[in-house]
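Residues 15 to 226, numbered by my numbering, are exactly what the sequence shown covers, in order.
Glycine included, every Cβ here is placed at the ideal spot set by N, Cα and C.
Since this is a predicted model, take the numbers as computed values, not measurements.
Here's the structure, in structure tokens; my notes come after.
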Amino acid sequence: MIKIIDTLELTPDGVRLGGTSKVHLRQGELDGACAVYSLMMYLIILRIFTYKQVTEGNNIKRSTSKGRIIRNFLERQDGLIRKGLGFANDIKDGLQFAAKSIVDCNYIASRQETIETLKRCIDDNKPLMIGVDYNKVDGHALLAIGYETRNDKIKKIFCLDPGSDITPVSYWNAVISIDEHSNTKYRDSYFTANGNVNKVTLADAIKIEKKK
């Protein structure tokens, strides 16, 4: 069974939030800001920002919670983010500092809890920001927007990947295939839109909820 969050729709122009607003953000080839791009896509789907607000940043007072998010994550990085941002310290702490009045943010540190949280989020039609590790040093952030189950177990995670473009005929542009390899820590496969396949491990996640 395949489940995709129902706030996303596939239109003649590609995947859209509510059928109208663009969601996918493409990071630059030289930067390591995949976590920031995934975070901003997350906040667009939660309707905290519009796509235009994220890409242009106009008409948002920097003294507000939304303005502090723009300032802290998009304007205070002094150019390229070459080594990426950590989920626990940079994303969670930074978001709570900037916008604790409008969002709740939780860091999920274990693989198993990430899988369990992902299913609950997708079933509730909410995305989840996930991290995969290539090795002890390098990783990548993606925004999970769906899954596929077999025998009631999640086998595929469908993602919006800031690291590559997305075609107008698909909801996702990356897939994490769970437990494809044995006798290794890096037991999952990361399929990219350009045809690359990498061994990774699903490592952790960031869960964000919009306060009512």
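The DSSP-derived three-state label of ASP218 is strand. Three or more pairs of CB atoms, one per stretch, sit closer than 8 Å, so the region 69-87 contacts the region 110-123. A straight line joining the alpha-carbon of PHE63 with that of ASN197 spans about 43 Å. For VAL68, the enclosing alpha helix (DSSP H) covers residues 65-70. Straight through space, the alpha carbons of GLY32 and SER203 are spaced by roughly 30 Å. The beta carbons of ASP179 and ALA188 sit no closer together than 8 Å.
Residue pairing by DSSP places ARG201 opposite no residue, since no beta bridge is assigned to it. In the pairwise beta carbon analysis, the region 123-132 is classified as not touching the region 67-78: fewer than three pairs are separated by under 8 Å. Membership of MET55 in the alpha helix (DSSP H) is indicated by the continuous run 48-59.
At a cut-off of 3 residues, the continuous stretches assigned as beta strand (DSSP E) that sit fully inside the region 145-174 are 153-164 and 167-174. Collapsing the DSSP output to three states places LYS75 in coil. Closest in alpha carbon position to SER184, among ILE190, GLY177, SER191 and CYS173, is CYS173. In this structure, ALA158 is the residue among ASN149, GLY177, ALA158 and LYS169 with its C-alpha nearest to the C-alpha of ILE18.
Here the region 21-36 does not lie against the region 162-173, with fewer than 3 beta-carbon pairs under 8 Å apart. Shown here for TYR148: same chain residues with a beta carbon closer than 8 Å to its own, the five before and five after excluded, namely HIS154, TYR200, ASN212, LYS213 and VAL214 in chain order. In the three-state reduction of the DSSP assignment, ILE105 falls in the helix class, which pools H, G and I.
In this structure ALA49 is buried. Its beta-carbon is surrounded by 16 or more other beta-carbon atoms within 10 angstroms. Residue ASN139 holds the alpha-carbon nearest to the alpha-carbon of TYR161 among GLY145, ASN139, VAL146 and GLY108. Put simply, the backbone Cα of GLY177 is about 14 Å away from that of VAL37. The distance from the Cβ of ALA217 to that of THR131 is about 13 Å, inconsistent with a contact at the 8 Å cut-off. The DSSP-derived three-state label of GLU23 is strand. Under DSSP, ILE122 shares a beta bridge with ALA219.
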